[in-house]
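Trainee: Residue numbers (my numbering), protein chains in the order written: chain Y, 1 to 337; chain B, 1001 to 1310; chain W, 2001 to 2353; chain A, 3001 to 3323; chain L, 4001 to 4526.
Quick one: this structure, given as structure tokens, is what I'll be asking you about.
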Ligand SMILES: Nc1ncnc2c1ncn2[C@@H]1O[C@H](COP(=O)(O)OP(=O)(O)OP(=O)(O)O)[C@@H](O)[C@H]1O
Ligand SMILES: Nc1ncnc2c1ncn2[C@@H]1O[C@H](COP(=O)(O)OP(=O)(O)OP(=O)(O)O)[C@@H](O)[C@H]1O
Ligand SMILES: [Mg+2]
Ligand SMILES: [Mg+2]
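Here's what the structure looks like:
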């Protein structure tokens, strides 16, 4: 420690009382959400997933513009054509198929005029698969979103009320949940289908009938914790009504749980619809959903594998993206990380 | 403990009763009758059959008869399989589903726990990345797609396993695999999250401070504690698996209960639907009870608080 | 007196999104056989990080920037994981702050206490359990024999902390590190635990590093005291020196802000808040809150000035050129007491060493 | 204390607060306590963890519905007003609470401004947004915080600052009475003094009455006028702060005091811990809070009173001699 | 034969089939489906049995001609017929079985095909006692059957499982459980079910050594496996795990050129009914004709179904019934005026549609109709195809699809809860009347409520005045079918067929007009 730098003036008392300065917060003011977004941004995988999802959503909602043709236009003469791009030079998109060891040009066989091609091939009624996938994905996403709405509209209030009231009310509400969850989903679906007619509404209602239970359970458990939190007690001592406490204090603090759970609701709804399609009570024809496309594709897999691969790929992509995003969100909303 | 069990069983019975009632009235809401067919039944035949099935009585009385029957273990007879008792029907279809379900459950959750634990311990390394990727992929592939792929590649092309049909253990392997992937992936993810939490807790610190190596710490302290919440998801998962997966049963031509369920729905076979629903609920609640007891075994805090409450 | 443990120029950073947190900045101290060193300082001053580095239990984002931790002459920071496992829980043990969370909720406590023996002493299970029982008796768990099979949640907070202590001493360690072992406890229980630790120290002749932010506790247990502020030790000395001859304005502030049973009038609070260790000030980190700050405090970090052979303080006020300042009145009262106490204190320390 | 007839602001009479009454898990958190708090004073409540301090505070502010007993606030019985009634709303303005945990007591998703203004809006104490801002700034200033802190979120503040935000929130509705439930025990030593000073200043300024709950006895002694010592849901001893510290009569109080660590090695070396033998409470027959000396109450049977009086006399003598 | 890998001895004597569903009952009185009917045909035997397209005596010693104006059949039974338990089979076993079917207490859904046998209808309606049925055991080996009115297709009817005998003691012993597992059953056919339990998804039939004709039964075991998934079936077949399997949809289309591929037309047709009650525009013939003409049946069967189904111009299928005199196929004798309505002609269709609408004063209106169909894959595909083609050529028509489970479809058809419905009918016995009878005014299955008095009159005449005059009756039926065709009262779509993959070693498959195989003739080429 050399004293060289020390001058006489160094030992003058520092009279400015600058501890006020200390109280200034130097870091930029970040809201909780901003903070979460910052953390999310750091997670490259999650960001990529987000963009993939946005791209898919955009593509499906622009389907009327970008789809090569209407998803329901049939041309049975062109049925089951394999994928082909342009003149068919790209491997995997040549428009050929191997029939008993011989490679044949399916397009030629079907008498498709030169220059006309289907990027992802056609289905059993000669409908363009790409267009159907675009529209199908849109419908599947819509189902996911609608199911989420039900989830939000029932699950959250139910969970909050059950958790907030506690005691007998809670026991009663939990019993109801137990009972509902012990009724097989399929029964509900079929009943809805019979009463309401097959279609989007039935599927969404059926998914919604039991779909909100996980959300309600999570919210209830969290509400139990939150309601003992001192800031909630503070609001009570200020005379805030329970409804307003729910809006101002509970829901904002439940938001991460809600977002993450939603992220799981969407894919499970899409999955459930796929399952319904498989057993034949999904979206009615001619509308396509990823589920109907997949179940059709599965049946044709031996000979026309592309009819399963492409919808499966899209479904997997959405699932993977949503799941990775959900993981990212969970981490982002967890201040501990 | 016995007191607790009795209380739980009372709840179980009550819930079953409600489920039975709800399904009963739901079935009555369903349009159509079980014997709608293209064939013509004479009015007299119809009347006699309705009498035989008790369908001519007022709904409330039918309900009463049904509930009383249930109490005697009588689930009624199937419409679809003429005169076949529903209980027998369920039992004969249950075995394959239970076997595959249990195998898938054990395989899936076992491997899932392992995978999740490894991912958590190697958090933020490539191991974690790979494990996460596979578990997400596992959740993302519908099991029917998986079943088709397994059948085509492993059984048809490579002839490693039977293609389908129900004939001994070897024919249960592929369906087990197809079903195991989702629980595997789910448990792995759940386990990872939980394990990461547990690994950052004080008692793990203390375990390390005692001189436990990393793996000793995990084996002795972290694993068990991380399993506690995992057990909760294992319950419903087990029910879903054991009550059969229509899809996988269909693809592998397994005479399982999932397939039967859809069939009875499609044929308006009300007694079978009701029987299956009640049975399903029963299974669900028994599994939840088992899980709760398991829970207590894994987590002494719960065990004791219940003892205390009784 | 031999130094069991010597920490020299230890610097530790944490990597975070916002940049590096300079949590420990050039910390040095030593621990002698059989003595108790108390580390005091407010939250975030780096007490825990310091002792965790001794245990080799730093978080994964920690980076040792420099310095050594010598235990019997070996640098612990350079030891491979395997050898550290041999030392942890065997020669150096640690007690954590929160007795409610530091026991494994799913394992009977007997097993938890016996665990270090099984790891280090190659004992069979039965012997280990016997020894565990002895130790549990020693720390004062009533009915220890029956209660070995019980689980942590069946014990009160004070009892749990005793169990944690039992785990730490079951191997008769040379060094016992206690990170705020009583902060979560009631005063009455706290008093019991402190008495217990003193007694155990006598019995097993261990050296203790005791972390706390409560000066009252320090006064009761410590032989020597290190006061930390913002990742640095700013004053270091025998317990009486720190309490009756404090030199650093921060130590003054600390002593002053605690009401004693006869404090009247306004409390002398230390204004402001501790600095952000992401970007610690260039000079004395305490300067912005220091009413006695000098110009130089904003420019250069003060070095340690020797007050006595055992007493050092890092404040420019001790520089020969610095102006003489009047410590606050309460401190002066304390200082007055020093003379009566000093001889007695020295004698005591000698007796121990 | 100089005032001869202090006005009683809060009067608790035979208050009982049981949790899960009738069930096996019943907890008698408060079992028949009575005391009075005078206007303008600070009433300290000490005791070990689980002794019922928080429960007392929360019962008074009606976070719980008392099992039995009366709570008179300003002469009005508040133990039986209905939740969500107009009376309740009125009452909510009069009493406020400051909480222990500076992290849990502020909603992490709300801005400081909204946290402080919440009470203003509920009780319609401000009419315009501008008026609201002005009042929030005034309050921030009062607790020693900066105006531009209003738009920030709680997690950006240190513990001491958060505690001050909590105080500002309580003060916003201009209460008469504040219950401070361990407001400083989660804070650093150096910060504790800041908050205690602030509380004292505000009390003087606004003529507030405090119920100050803490387990740090030195701080309670410093801030309180009178102190009640709680144990197992009962008040063991109630007297002026000085009496409690200088002339503790009940063995529990004595034990508690002996355990307080003093920041003075010399004293500490001399300090002898007194263990408390709870068995004297075992026979609870006829035990109640009795006045053994003017304004000095001890939880005792009729028969024990003379013994306590004798002890008190001895202590008084000892102190006088010392002086 | 069972597979290249099949080295096990037993397997050489086993033929394995896939089947689409389980047996729901083995009680011949209660069975309603083709799976049960096949199992019954394998294991039981009635008076006659189909061999190829001809009715051959089975338990009867000869195919009997009626006497008494076609009202009495005296049928001699073979004396060597035995039950599988070795007991002799007698005429009273038939009497017991038949009385069971018509007994309303038994609740046979097929009791109606006894119509014409003396008192049958009255007995099912509960008006007469069971023992008044027109069947009588004259002696142990002679059966006398009396009819109310002559049944021209009586012999064909006797091949149907509903007329099989049952072993009385077994029925009485098992009570309600009769037919729910193999233990309750006693057989008299070429095979016996072994170890079959209710809802089993596979079952084995072993050769019945007590069968009177056991020497002609060449295959020891028949194994049936329920396989629902098309690609699983294909995989199993290609790995030689099954010898014969039906394939459908794309699998069928893709396997068309495989040497093991074959198709089998069924005596079943798919047709569309239009709900005239709900939508009066369907009362207009032009509208109906327009709808019929928009459908390209050829494309439908070849491109969409691809499973061996054939276009058809009438609801009565081809290759089922033949002119008693000319021996020509029923469908080949229909007038072209009617069949042209079932020929694809979109231009004409659009024209008729517009004309029809103009006649109704509905020009320019839009019509939003629901087309109900089954929820099988094939049905869904055809619905999609029909929807597209209808909307394309009939301006203003919008079709919504409702592909629902079978029973739901029936319920909706019955209750008129549809605008259009695609239904199917499979012959109960090989005679046009089994189809034509459906669409008389007020007919149970006439869900569209198309009604034509002339049509009704022709059907009635065929049953009454001309019942004993095969030629005149034939003309009645042809007329009726022509009327329906010209009117497009019901719109025929196609005759359903099934595509099969069959192991080349399996020979002698004999599919009879009744919809079951006669597995007596089955053999394996070694
Ligand atoms: N894993 C970590 N990542 C980033 N910063 C850390 C980490 N661990 C500790 N720190 C920082 O290091 C500094 C010292 O922390 P430390 O835990 O040693 O404080 P302490 O003195 O023990 O405080 P307390 O009394 O609250 O326990 C703090 O500023 C803290 O934020
Ligand atoms: N909501 C509740 N339900 C059941 N028991 C409760 C509840 N709240 C408090 N108790 C119990 O009441 C008793 C008194 O608790 P209280 O919180 O008043 O103690 P305290 O003196 O404030 O303790 P601490 O110093 O730990 O805050 C304890 O035994 C506690 O477990
Ligand atoms: Mg610390
Ligand atoms: Mg408290």
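Even for Gly, the Cβ is constructed at its ideal location relative to N, Cα and C.
(1) So is residue 2252 of chain W buried or exposed if we call it buried at 16+ other beta carbons inside 10 Å?
(2) To the nearest whole angstrom, what separates the beta carbons of residue 2176 of chain W and residue 2206 of chain W, a pair I think is in contact under 8 angstroms?
(3) How big is the Cα-Cα spacing for residue 2053 of chain W and residue 2047 of chain W?
(4) Pairing CB atoms from the stretch 3208-3217 of chain A with CB atoms from the stretch 3131-3146 of chain A, are three or more of them under 8 angstroms?
(5) So, with DSSP's three-state summary, where would you put residue 51 of chain Y?
(6) I want to see whether chain A comes within less than 8 angstroms of residue 252 of chain Y, judged by CB atoms only; does it?
(7) Among all the DSSP beta bridges, which residues are the ones paired with residue 4425 of chain L?
(8) Between residue 4406 of chain L and chain B, is the shortest Cβ-Cβ distance under 8 angstroms, so that the two count as touching?
(9) What are the start and end residues of each continuous alpha helix (DSSP H) run of 4 or more residues lying completely inside the stretch 1143-1190 of chain B, in chain order?
(10) Mind listing the chain Y neighbours of residue 1170 of chain B? Cutoff is C-beta to C-beta under 9 angstroms, in chain order.
(11) Let me see if you follow: with CB-CB separation under 8 angstroms, is residue 4002 of chain L close to chain Y or not?
(12) Hey, is residue 3049 of chain A close to ligand 2, as in C-beta under 7 angstroms from one of its heavy atoms?
(13) Among B:1252, B:1218, B:1019, whose alpha-carbon lies nearest the alpha-carbon of residue 1147 of chain B?
(14) From this set, W:2066, W:2073, W:2080, W:2096, which residue's C-alpha is nearest residue 1207 of chain B's C-alpha?
(15) In this structure, does DSSP put residue 1012 of chain B in helix, strand or coil?
(16) Can you give me, in chain order, the residues of the stretch 221-248 of chain Y that have a beta carbon less than 7 angstroms from any beta carbon in chain A?
(17) Check whether the Cβ of residue 303 of chain Y lies closer than 8 angstroms to any Cβ atom in chain W.
(18) Can you check DSSP and say which residues form a bridge with residue 2022 of chain W?
(19) Run the CB neighbour count on residue 21 of chain Y, radius 10 Å, all protein chains shown included, and call it buried at 16 or more, exposed below.
(20) Could you say which of B:1074, B:1145, B:1096 lies nearest to residue 1087 of chain B if we only look at CA atoms?
(21) Taking only beta carbons into account, state which residues of the stretch 1202-1216 of chain B come closer than 9 angstroms to chain W, listed in chain order.
(22) Beta carbon of residue 1196 of chain B: closer than 7 angstroms to some heavy atom of ligand 1?
(23) Taking contact to mean at least 3 C-beta pairs separated by less than 8 angstroms, is the stretch 111-122 of chain Y in contact with the stretch 79-96 of chain Y?
(24) By the three-class DSSP mapping on this structure, what secondary structure does residue 2067 of chain W have?
(25) Give the C-beta separation of residue 288 of chain Y and residue 207 of chain Y to the nearest angstrom, bearing in mind that I take them to be a contact with Cβ-Cβ under 8 angstroms.
(26) Count the C-beta pairs between the stretch 288-301 of chain Y and the stretch 3144-3152 of chain A that are closer than 8 angstroms, then say yes if the count reaches three, no if not.
(27) If we define contact as Cβ-Cβ less than 8 angstroms, is residue 1295 of chain B a contact residue for chain D?
(28) Which same chain residues end up closer than 8 angstroms to residue 4131 of chain L when comparing Cβ atoms and leaving out the 5 residues on each side of it in sequence?
(29) Does the distance from the C-beta atom of residue 2068 of chain W to that of residue 2008 of chain W stay below 8 angstroms?
Mentor: Reading it off the structure:
(1) Numbered from 1 along the third chain, position 252 holds the residue referred to as residue 2252 of chain W. Its Cβ being crowded by 16 or more others within 10 Å, residue 2252 of chain W is buried.
(2) Locating residue 2176 of chain W in the third chain gives position 176, where the first residue counts as 1. Locating residue 2206 of chain W in the third chain gives position 206, where the first residue counts as 1. The pair is a contact, with the Cβ atoms about 5 angstroms apart (cut-off 8 angstroms).
(3) Taking the third chain and counting its residues from 1, one reaches residue 2053 of chain W at position 53. Taking the third chain and counting its residues from 1, one reaches residue 2047 of chain W at position 47. Spanning the two alpha carbons is a distance of roughly 10 angstroms.
(4) Below 8 angstroms, too few C-beta pairs join the stretch 3208-3217 of chain A and the stretch 3131-3146 of chain A to call them touching: fewer than three.
(5) As a position in the first chain, residue 51 of chain Y is number 51, starting the count at 1. Assignment of residue 51 of chain Y by DSSP, reduced to helix, strand and coil, places it in the helix class.
(6) Counted from its first residue, the first chain places residue 252 of chain Y at position 252. At least one chain A Cβ lies under 8 angstroms of residue 252 of chain Y.
(7) Sequence index remark: in the fifth chain, residue 4425 of chain L carries index 425 (1-based). Looking at the DSSP assignment, residue 4425 of chain L forms a beta bridge with L:4269.
(8) As a working note, residue 4406 of chain L is residue 406 in the fifth chain. The Cβ of residue 4406 of chain L sits closer than 8 angstroms to at least one Cβ of chain B.
(9) The stretch 1143-1190 of chain B contains, as complete alpha helix (DSSP H) runs of 4+ residues, the segments 1143-1149 (chain order).
(10) Start at 1 with the first residue of the second chain, and residue 1170 of chain B comes out as number 170. Counting only Cβ-Cβ distances below 9 angstroms, residue 1170 of chain B has no contacts in chain Y at all, with the closest Cβ about 23 angstroms away.
(11) Taking the first residue of the fifth chain as 1, we reach residue 4002 of chain L at position 2. With a pLDDT of only 37 at residue 4002 of chain L, under 50, the local geometry of the prediction cannot be trusted, and no value is derived from it.
(12) On the fourth chain, residue 3049 of chain A is found 49 positions in, with the first residue counted as 1. Flag set: Cβ of residue 3049 of chain A near ligand 2.
(13) Stepping through the second chain from its first residue, residue 1147 of chain B is reached at position 147. Of the listed residues, the one whose Cα sits closest to residue 1147 of chain B is B:1252.
(14) Along the second chain, read from residue 1 onward, the residue named residue 1207 of chain B stands at position 207. Comparing Cα-Cα distances from residue 1207 of chain B to each of W:2066, W:2073, W:2080, W:2096, the minimum goes to W:2096.
(15) As a working mapping, residue 1012 of chain B is identified with position 12 in the second chain. If DSSP states are grouped into helix, strand and coil, residue 1012 of chain B belongs with the helices.
(16) Only 229, 230, 231, 233, 234, 235, 236, 237, 238, 239, 240, 241 from the stretch 221-248 of chain Y bring a Cβ to less than 7 angstroms from some Cβ of chain A.
(17) Walking along the first chain from the start, residue 303 of chain Y turns up at place 303. False, the Cβ-Cβ gap to chain W never drops below 8 angstroms.
(18) Sequence index remark: in the third chain, residue 2022 of chain W carries index 22 (1-based). Beta-bridge partners of residue 2022 of chain W (DSSP): W:2013.
(19) Taking the first residue of the first chain as position 1, residue 21 of chain Y is located at position 21. Per-residue confidence for residue 21 of chain Y stands at a pLDDT of 48, beneath the threshold of 50, marking its modelled position as unreliable; the derived number appears in the next sentence. Classification for residue 21 of chain Y: exposed.
(20) Indexing the second chain from 1 puts residue 1087 of chain B at position 87. Looking from the CA of residue 1087 of chain B, the closest CA among B:1074, B:1145, B:1096 belongs to B:1074.
(21) Those residues of the stretch 1202-1216 of chain B that come within reach of chain W (Cβ to Cβ, closer than 9 angstroms) are 1202, 1203, 1204, 1205, 1206, 1207, 1208, 1209, 1210, 1211, 1212, 1213, 1214, 1216.
(22) Here residue 1196 of chain B corresponds to residue number 196 of the second chain, with the count starting at 1. No, since every heavy atom of ligand 1 falls outside the 7 angstroms radius drawn around the Cβ of residue 1196 of chain B.
(23) Because the criterion of three Cβ pairs below 8 angstroms is met, the stretch 111-122 of chain Y and the stretch 79-96 of chain Y touch.
(24) Taking the third chain and counting its residues from 1, the one referred to as residue 2067 of chain W is at position 67. In this structure, residue 2067 of chain W counts as strand in the three-state DSSP scheme.
(25) For this step, residue 288 of chain Y is matched to residue 288 along the first chain. For this step, residue 207 of chain Y is matched to residue 207 along the first chain. At roughly 18 angstroms, the Cβ-Cβ gap does not stay under 8 angstroms, so residue 288 of chain Y and residue 207 of chain Y are not in contact.
(26) No contact exists between the stretch 288-301 of chain Y and the stretch 3144-3152 of chain A.
(27) Protein chains Y, B, W, A and L are contained in the structure displayed, whereas chain D is not.
(28) Taking the fifth chain and counting its residues from 1, the one referred to as residue 4131 of chain L is at position 131. 4099, listed in sequence order.
(29) Residue numbering aside, residue 2068 of chain W sits at position 68 when the third chain is read from its first letter. Residue numbering aside, residue 2008 of chain W sits at position 8 when the third chain is read from its first letter. A Cβ-Cβ contact shorter than 8 angstroms links residue 2068 of chain W with residue 2008 of chain W.
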